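S.K.: As they're listed, the protein sequences go chains A and B.
One point on numbering: in numbering that gives the first Met the number 0, the residue at position 170 of the first sequence is 169, and numbering is uninterrupted.
One point on numbering: in numbering that gives the first Met the number 0, the residue at position 79 of the second sequence is 78, and numbering is uninterrupted.
Even for Gly, the Cβ is constructed at its ideal location relative to N, Cα and C.
From a predicted model like this one, the values you see are computed outputs, not experimental measurements.
Next up is a structure, given as structure tokens.
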Amino acid sequence: MATPRIYVTRLLPGPGQELLRRAQVEVRSWDREDVPVPRDVLLREVVDADGIVCCLTEKMDAEVFDRMTRCRVVSQIAVGFDNIDVAAATRKGILVTNTPGVLTETTADMGWALLMAAARRVVEGDKFTRSGQWKTWEIMGFTGQDVHGATLGIVGMGRIGQTVARRAMGFDMPVLYSDVRRAPESQERALGARHVPLDDLLREADFVVITAALTPETRHLIAERELGLMKPTAILVNIARGPIVDQRALYRALVDKKIWGAGIDVFEVEPVAADEPLLKLDNVVVPPHLASASVATRLKMVTLAVDSCLAALRGDVPSNTVNREALDRS
Amino acid sequence: MADPCIYLTRPLPEPAARLLREARIELRSWHRHDAPVPRDVLLREVVDAEGVVCVITEKMDAEVIDRMNRGRVVAHVGVGYDNIDVAAATRKGIFVTNTPGVLTETTADMGWALLMAVARRVVEGDKFTRSGHWKTWEFMAFTGQDVHGATLGIVGMGRIGYAIAQRATGFGMAVVYTNRNRLAEERERAVNACHMPLDELLARSDFVVISAALTPETRHLIGQRELALMKRTAVLVNIARGPIVDQRALYRALVDNTIWAAGLDVYDQEPVPADEPLLKLDNVVLPPHLGSASMTTRLKMATTAAENCLAGARGEIPPNAVNPEAQERR
Numbered sequence: 000m001a002t003p004r005i006y007v008t009r010l011l012p013g014p015g016q017e018l019l020r021r022a023q024v025e026v027r028s029w030d031r032e033d034v035p036v037p038r039d040v041l042l043r044e045v046v047d048a049d050g051i052v053c054c055l056t057e058k059m060d061a062e063v064f065d066r067m068t069r070c071r072v073v074s075q076i077a078v079g080f081d082n083i084d085v086a087a088a089t090r091k092g093i094l095v096t097n098t099p100g101v102l103t104e105t106t107a108d109m110g111w112a113l114l115m116a117a118a119r120r121v122v123e124g125d126k127f128t129r130s131g132q133w134k135t136w137e138i139m140g141f142t143g144q145d146v147h148g149a150t151l152g153i154v155g156m157g158r159i160g161q162t163v164a165r166r167a168m169g170f171d172m173p174v175l176y177s178d179v180r181r182a183p184e185s186q187e188r189a190l191g192a193r194h195v196p197l198d199d200l201l202r203e204a205d206f207v208v209i210t211a212a213l214t215p216e217t218r219h220l221i222a223e224r225e226l227g228l229m230k231p232t233a234i235l236v237n238i239a240r241g242p243i244v245d246q247r248a249l250y251r252a253l254v255d256k257k258i259w260g261a262g263i264d265v266f267e268v269e270p271v272a273a274d275e276p277l278l279k280l281d282n283v284v285v286p287p288h289l290a291s292a293s294v295a296t297r298l299k300m301v302t303l304a305v306d307s308c309l310a311a312l313r314g315d316v317p318s319n320t321v322n323r324e325a326l327d328r329s
Numbered sequence: 000m001a002d003p004c005i006y007l008t009r010p011l012p013e014p015a016a017r018l019l020r021e022a023r024i025e026l027r028s029w030h031r032h033d034a035p036v037p038r039d040v041l042l043r044e045v046v047d048a049e050g051v052v053c054v055i056t057e058k059m060d061a062e063v064i065d066r067m068n069r070g071r072v073v074a075h076v077g078v079g080y081d082n083i084d085v086a087a088a089t090r091k092g093i094f095v096t097n098t099p100g101v102l103t104e105t106t107a108d109m110g111w112a113l114l115m116a117v118a119r120r121v122v123e124g125d126k127f128t129r130s131g132h133w134k135t136w137e138f139m140a141f142t143g144q145d146v147h148g149a150t151l152g153i154v155g156m157g158r159i160g161y162a163i164a165q166r167a168t169g170f171g172m173a174v175v176y177t178n179r180n181r182l183a184e185e186r187e188r189a190v191n192a193c194h195m196p197l198d199e200l201l202a203r204s205d206f207v208v209i210s211a212a213l214t215p216e217t218r219h220l221i222g223q224r225e226l227a228l229m230k231r232t233a234v235l236v237n238i239a240r241g242p243i244v245d246q247r248a249l250y251r252a253l254v255d256n257t258i259w260a261a262g263l264d265v266y267d268q269e270p271v272p273a274d275e276p277l278l279k280l281d282n283v284v285l286p287p288h289l290g291s292a293s294m295t296t297r298l299k300m301a302t303t304a305a306e307n308c309l310a311g312a313r314g315e316i317p318p319n320a321v322n323p324e325a326q327e328r329r
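Following this line, the structure appears as structure tokens:
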């Protein structure tokens with residue numbers, strides 16, 4: 000049998016490359032760390048690859064899948080995989096894997112980092128200190144919102160949502176959540192979380208954190224009407240996917256002070272266009288999609304994706320396969 | 000008897016202002032929110048005031064205290080009062096009051112906001128997104144340190160230190176602390192905290208948060224030697240008082256990557272001079288002394304100070320006197 004061939008769409012960090020070197024595979028890789036593979040190169044490279052390791056900058060649509068002649072697995076280095084046409088993969092009997100679990104805690108940390116930075120105006124304050132304009136102490140200068148004792152609302156109570164909820168324990172916060180499925184009672188009790196309809200959550204919460212997956216149902220889940228329900232002192236945090244929030248409506252709500260602030264790690268279009276009006280506002284915190292960006296976690300994600308790809312090529316079905324039904328087609 | 004006179008070194012926000020307006024006192028005030036009272040005005044205004052409400056920008060030294068011919072109380076808006084010569088006040092039988100308790104939780108929130116902003120590079124990331132330089136997703140770009148599961152070291156386990164420890168509950172962290180007095184065992188157990196000498200704490204912690212009071216013993220408690228004991232991946236957070244850390248040594252440690260990063264809410268000199276070299280570094284987050292800066296808490300602090308000042312000016316022992324022994328000098 001021929002040595003399997005793996006195509007990697009981005010130059011991997013050291014440990015990922017090392018893992019591939021030690022495996023009995025032929026590896027080809029896009030050679031840049033800081034630029035995604037151009038579409039035409041991708042379309043050419045996938046043709047005779049048995050496995051593909053990709054990240055969310057690649058649009059793995061039906062056209063890409065139709066080019067693949069031998070592919071058995073596409074391993075995404077991320078937990079979300081809305082860049083991949085999974086139905087197209089399944090039709091061709093190609094497994095799609097993601098990297099769940101390893102980034103849960105790191106992403107929940109980021110949700111809290113954004114919540115607290117927005118609440119206490121950390122970015123604005125830092126900018127002010129550096130500007131040299133700090134001349135005195137003011138009683139109401141840069142005053143923000145208290146986190147302790149406030150009500151936390153979590154939209155989407157999956158793994159990451161639960162992990163965000165758990166972090167509220169030491170802050171003495173009531174926790175509300177909305178999800179299509181209600182969590183088991185034991186879990187609700189352990190997290191001190193109460194299931195409520197979305198509208199109630201938006202009305203009552205001081206901090207609304209979005210941790211839902213992007214689906215047709217969650218697209219623009221938070222739009223003008225929903226923002227209008229929130230408290231004028233409330234803060235919206237999105238660490239899930241940009242299109243869950245109507246970004247134009249959010250901009251208006253922030254300008255009109257319908258809500259007090261926001262922390263947005265994800266955007267409708269990424270990278271964000273330089274002329275995006277949100278970028279001009281002081282009451283938002285806008286990191287460039289860093290939810291899983293800890294050194295340890297990013298390396299774990301790379302390792303898991305490579306391992307999953309290698310496992311599938313050996314004929315195993317990795318536990319992090321998102322379309323087991325593809326097996327029926329292969 | 001004439002109504003007692005109260006002098007405010009800064010205008011107070013409502014409802015504290017109303018409390019004083021409606022009291023049977025003569026009220027005088029410096030008129031600017033955004034600039035401290037000049038020294039000569041202060042020296043003149045205190046002469047015939049029974050009570051003075053002051054903020055951290057006023058140096059209430061022996062010269063000022065000695066001018067207070069009718070002084071009964073100096074009510075400070077804040078918990079730390081190292082700007083006040085308490086010994087001089089006690090000698091004259093003048094009570095000094097602060098605003099303890101009301102800002103504990105808000106300050107502990109700020110410690111966490113800084114810890115997380117530094118760990119996850121929120122300020123850098125926000126600046127990058129706004130710069131328009133975000134062109135793609137990168138594996139190791141802006142990767143930070145995990146907060147969950149890390150070891151938190153607390154230097155100074157008073158009210159604020161303890162509140163910081165409580166917040167670690169939901170993050171699965173090991174908590175270690177150093178304090179002159181060891182906590183009672185059940186208090187330690189409640190936050191899972193382990194008492195240890197400073198050097199050991201520095202060597203073991205991923206995050207070191209300073210929440211000690213400034214005293215002759217804690218001045219430059221963290222100098223070059225102590226910074227060198229810390230992990231290269233460690234983060235230092237100071238929400239107490241600037242002089243507890245040797246700021247020059249910290250600058251060197253950050254430039255030489257002796258430690259990974261820092262979050263400072265307090266400085267050797269405040270406001271920070273525009274040519275302070277720390278302001279040029281990317282691996283620091285530098286709010287302008289916002290520890291207690293939530294709207295709710297700052298309003299409570301102003302009200303507490305007003306109440307203390309009223310009580311003192313009327314000849315009562317104010318509720319938050321830090322020098323009750325002043326009573327014996329009357």
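Select from Glu187(A), Val26(A) and Ser185(A) the residue whose C-alpha is nearest the C-alpha of Pro3(A).
M.R.: Of the listed residues, the one whose Cα sits closest to Pro3(A) is Val26(A).
S.K.: For Phe170(A) and Ala48(B), I'd like the C-alpha separation in whole angstroms.
M.R.: Phe170(A) and Ala48(B): Cα-Cα distance of roughly 42 Å.
S.K.: Can you name the start and end residues of the alpha helix (DSSP H) that Gly13(A) belongs to?
M.R.: That run of the alpha helix (DSSP H) goes Gly13 to Arg21.
S.K.: Ala295(A) and Asp145(B) - do their beta-carbons sit closer together than 7 Å?
M.R.: A contact, by the Cβ cut-off of 7 Å.
S.K.: Does Met67(A) get closer than 7 Å to chain B when you measure Cβ to Cβ?
M.R.: It does not: the Cβ of Met67(A) has no partner Cβ on chain B nearer than 7 Å.
S.K.: Apart from the five residues on each side of it in sequence, which residues of its chain come closer than 7 Å, Cβ to Cβ, to Ala149(B)?
M.R.: Hits under 7 Å: Met172, Asp205 and Phe206.
S.K.: Just how far apart, CA to CA, sit Leu235(B) and Gly262(B)?
M.R.: Going by the C-alpha atoms only, they are around 6 Å apart.
S.K.: In its own chain, which residues sit with a C-beta less than 6 Å from the C-beta of Leu220(B), not counting the 5 before and 5 after it?
M.R.: Cβ within range, chain order: Ile243.
S.K.: Counting C-beta neighbours from all protein chains within 10 Å, is the total for Gly314(B) 16 or more, i.e. buried, or is it exposed?
M.R.: Exposed, by the Cβ-count rule.
S.K.: Take Ala212(B) as the anchor and find which of Ile153(B), Gly169(B) and Arg71(B) has the nearest alpha-carbon.
M.R.: The candidate whose alpha carbon is nearest that of Ala212(B) is Ile153(B).
S.K.: Tell me, to the nearest whole angstrom, how far the beta carbon of Leu42(B) is from that of Val63(B); I am working on the premise that it is less than 8 Å.
M.R.: Yes, they are in contact, since the Cβ atoms of Leu42(B) and Val63(B) sit about 6 Å apart, within 8 Å.
S.K.: Specify, as a first and last residue, the run of the alpha helix (DSSP H) that Thr106(B) falls within.
M.R.: Thr106(B) -> alpha helix (DSSP H) spans Thr103 to Ala118.
S.K.: State the Cα-Cα distance for the pair Thr320(A) and Gly169(B), rounded to the nearest angstrom.
M.R.: Taking the straight line from one Cα to the other gives about 30 Å.
S.K.: Per the DSSP calculation, Phe141(B) is bridged to which residue(s)?
M.R.: Its beta-bridge partners do not exist; DSSP assigns none.
S.K.: Could you give the first and the last residue of the continuous alpha helix (DSSP H) run that contains Thr168(B)?
M.R.: Run containing Thr168(B): none; DSSP gives neither H nor E here.
S.K.: Going by DSSP, what residue range makes up the alpha helix (DSSP H) through Leu235(B)?
M.R.: Per DSSP, Leu235(B) belongs to no alpha helix (DSSP H); it is in the beta strand (DSSP E), Val234 to Asn237.
S.K.: Find the residues of chain A that neighbour Asp81(B), judging by a C-beta separation of less than 8 Å, and give them in chain order.
M.R.: What Asp81(B) touches in chain A: nothing, since even the nearest Cβ is about 14 Å away.
S.K.: For Thr105(A), return the contacting residues in chain B, with the cut-off set at a CB-CB distance below 8 Å.
M.R.: Ordered by position in chain B, the residues that pass the 8 Å Cβ test against Thr105(A) are Asp145 and His147.
S.K.: Please tell me whether Ala233(B) has its Cβ less than 7 Å away from any Cβ of chain A.
M.R.: It does not; no Cβ of chain A falls within 7 Å.
S.K.: Looking at the C-beta of Met172(A), does it have a partner C-beta in chain B at a distance below 7 Å?
M.R.: Not an interface residue.
S.K.: At 7 Å on the CB atoms, spell out the chain A contacts of Pro276(B), in chain order.
M.R.: By Cβ distance, chain A contributes nothing, its closest Cβ being about 12 Å from Pro276(B), past 7 Å.
S.K.: What's the call for Gln165(B), buried or exposed, on a 16-neighbour Cβ count within 10 Å?
M.R.: That one is buried.
S.K.: Work out the CA separation of Arg43(A) and Ala304(A) for me, nearest whole Å.
M.R.: If I take the Cα positions, the gap works out to 22 Å.
S.K.: Under 8 Å, CB to CB, which of the residues in the segment 104-119 of chain B have a partner in chain A?
M.R.: Residues passing the 8 Å Cβ filter: Glu104, Thr105, Ala107, Asp108, Met109, Trp111, Ala112, Leu113, Met115, Ala116, Ala118 and Arg119.
S.K.: Any beta-carbon of chain B closer than 7 Å to the one on Trp259(A)?
M.R.: No, no contact with chain B.
S.K.: When the Cα atoms are used, what is the spatial distance from Pro37(A) to Val122(A)?
M.R.: Those two C-alpha atoms are separated by around 35 Å.
S.K.: Return the residue from the list Arg202(A), Val154(A) and Arg188(A) that minimises the CA-CA distance to Arg180(A).
M.R.: Checked all of Arg202(A), Val154(A) and Arg188(A); the closest Cα to Arg180(A) is Val154(A).
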